[in-house]
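Asker:
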Amino acid sequence: MAEPELAKRIIRVLKKLSAIHGSTMLARIGGGQPFRTLVATILSARVRDEVTEQVVPRVLERWPDAESLAVASPHQVEQVIRRIGLYRVKSVRLVEVAKQLMRDHGGRVPSDFDALIQLPGVGRKTAGCVMVYAFGQAALPVDTHVHRISNRLAWVKTSNPDATELALRAVVAKNWWSRVNDLLVHHGKTICRPQRPLCGDCLVWQDCAYGVKNRRPD
DNA sequence: AAAACGGGGGC
DNA sequence: GCCCCAGTTTT
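Residue 189 in our numbering is what sits at position 189 of the first sequence, and the numbering runs on without skipping anything.
Here it is in structure tokens:
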């Protein structure tokens with residue numbers, strides 16, 4: 001451990017945040033099923049939860065598996081996901097993903113990070129979310145929320161999300177990664193928001209220079 | 001490292 | 001009107 005002081009700070013914050021309970025959007029929509037989780041995660045990119053939660057079930061109702069989605073036309077998909085941003089790109093990619101699943105993986109979603117990340121429109125975040133929520137495998141997909149928290153609490157000094165991921169992996173046991181991800185994402189969406197964070201309601205404001213300054217402005 | 005994709009909601 | 005949204009791909 002290069003920085004035991006940092007490790008202690010991270011652990012202290014995570015313990016306080018462990019009082020948080022509740023499910024995440026991807027856990028609700030995906031229901032632990034690989035195909036549902038994959039589709040939900042791809043469509044959720046740069047889209048608010050409320051829109052994703054309304055649109056994705058309609059997609060899955062019409063195309064419940066890779067076999068049916070692979071023979072759909074992107075235009076058909078586009079009509080259904082129209083409320084989501086980037087829908088032109090995403091409709092083409094969804095069909096392409098389904099075709100690739102049929103061609104290379106027997107119509108199943110691979111339970112392998114390296115295979116997932118090769119699907120079109122699937123990056124580190126999406127692959128990590130599928131591994132965590134669909135396969136229950138250890139993965140810590142650091143997103144903008146977790147990265148923002150990491151910066152405000154001064155866990156990392158660079159703008160690289162990978163640095164945050166490494167810092168967390170160093171101090172959190174593998175079987176807790178999904179739980180830690182849930183805690184931090186939930187905290188980032190509700191309290192530690194990008195603008196006007198609710199430091200007055202924050203459980204860890206005392207561990208955060210940003211929070212201390214916000215609660216005791218001078 | 002930065003731009004592009006992109007409609008919809010909050011303020 | 002401006003900024004942001006459980007990112008990924010391209011330049």
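The C-beta atom is built at its ideal place from N, Cα and C for all residues, glycine as well.
Report the option in R196, T190, L119 whose CA atom is closest to the CA atom of M102.
Answerer: Position 102 of the first sequence, counted from the start, is the residue given in the question as residue 102. Nearest of R196, T190, L119 to M102, Cα basis: L119.
Asker: Flag this pair as yes or no: are the beta carbons of H145 and L183 separated by less than 8 angstroms?
Answerer: In the first sequence, counting from the first residue as 1, residue 145 sits at position 145. In the first sequence, counting from the first residue as 1, residue 183 sits at position 183. Cβ distance not < 8 angstroms, so H145 and L183 don't count as in contact.
Asker: Counting along the chain, where does the alpha helix (DSSP H) carrying R109 start and finish?
Answerer: As a first step, residue 109 must be located in the first sequence, where it is residue number 109. Reading off the sequence, residue 109 comes out as Val, not Arg. Taken as a continuous stretch (DSSP letters only), V109 belongs to no alpha helix (DSSP H), as it is neither H nor E.
Asker: Tell me the residue span of the alpha helix (DSSP H) that contains N160.
Answerer: The sequence position of residue 160 within the first sequence is 160, counting from 1. From DSSP, N160 is part of no alpha helix (DSSP H); its letter is neither H nor E.
Asker: What would DSSP say about P34, mapped onto helix, strand or coil?
Answerer: For the purposes of this step, residue 34 is taken as residue 34 along the first sequence, with counting starting at 1. Helix at P34.
Asker: Could you check the C-alpha separation between L116 and L86 for me, to the nearest Å?
Answerer: On the first sequence, residue 116 is found 116 positions in, with the first residue counted as 1. On the first sequence, residue 86 is found 86 positions in, with the first residue counted as 1. Using only the alpha carbons, I get a separation of about 21 angstroms.
Asker: With H, G and I counted as helix, E and B as strand and the rest as coil, what does DSSP make of W205?
Answerer: On the first sequence, residue 205 is found 205 positions in, with the first residue counted as 1. Three-state result, W205: helix.
Asker: Using CA atoms only, rank isn't needed, just tell me which of A167, R179, R12, I10 is closest to A27.
Answerer: Residue mapping note: residue 27 aligns to position 27 of the first sequence, counting from 1. The candidate whose alpha carbon is nearest that of A27 is R179.
Asker: Tell me whether H187, by its Cβ, gets closer than 7 angstroms to a heavy atom of the ligand PLP.
Answerer: No copy of the ligand PLP appears in this structure; indeed no ligand is present at all.
Asker: Nearest-angstrom Cα distance between M1 and A19?
Answerer: On the first sequence, position 1 is the one that residue 1 refers to. On the first sequence, position 19 is the one that residue 19 refers to. Residue confidence is low: M1 scores 45 on pLDDT, short of 50, so the model does not pin down where it sits. Its coordinate-derived value is still stated next. The alpha-carbon atoms of M1 and A19 are separated by roughly 27 angstroms.
Asker: Helix, strand or coil for L184 per DSSP?
Answerer: In the first sequence, the residue the question calls residue 184 occupies position 184. Helix, per DSSP.
Asker: Would D207 and V13 be called neighbours here (beta carbons separated by less than 8 angstroms)?
Answerer: As a first step, residue 207 is located in the first sequence; it is residue number 207 there, counting from the start. As a first step, residue 13 is located in the first sequence; it is residue number 13 there, counting from the start. Yes, they are a contact pair.
Asker: Would you check if the segment 60-80 and the segment 143-158 touch, i.e. whether three or more CB-CB distances between them fall below 8 angstroms?
Answerer: Result no; under three Cβ-Cβ pairs closer than 8 angstroms.
Asker: In whole angstroms, give me the CA-to-CA distance for L198 and I191.
Answerer: By one-based count along the first sequence, residue 198 stands at place 198. By one-based count along the first sequence, residue 191 stands at place 191. One C-alpha to the other measures close to 5 angstroms.
Asker: For R9, tell me which candidate among G200, H187, I42, V172 has the shortest Cα-Cα distance.
Answerer: In the first sequence, residue 9 corresponds to position 9, counting from 1. Looking at the Cα atoms, V172 is the closest of the given residues.
Asker: Return the CA-CA distance between G188 and P194, expressed in angstroms with no decimal places.
Answerer: Locating residue 188 in the first sequence gives position 188, counting from the first residue. Locating residue 194 in the first sequence gives position 194, counting from the first residue. So the two alpha carbons sit approximately 8 angstroms from each other.
Asker: Taking the C-alpha atoms as reference points, what is the distance between S44 and T52?
Answerer: Here residue 44 is taken as the residue at index 44 of the first sequence, counted from 1. Here residue 52 is taken as the residue at index 52 of the first sequence, counted from 1. Distance between the alpha carbons of S44 and T52 is about 6 angstroms.
Asker: Do T164 and V142 have their C-beta atoms closer together than 8 angstroms?
Answerer: Residue mapping note: residue 164 aligns to position 164 of the first sequence, counting from 1. Residue mapping note: residue 142 aligns to position 142 of the first sequence, counting from 1. Yes, they are a contact pair.
Asker: Helix or strand or just coil, what does DSSP make of Q137?
Answerer: Counted from its first residue, the first sequence places residue 137 at position 137. DSSP places Q137 in coil when its eight states are reduced to three.
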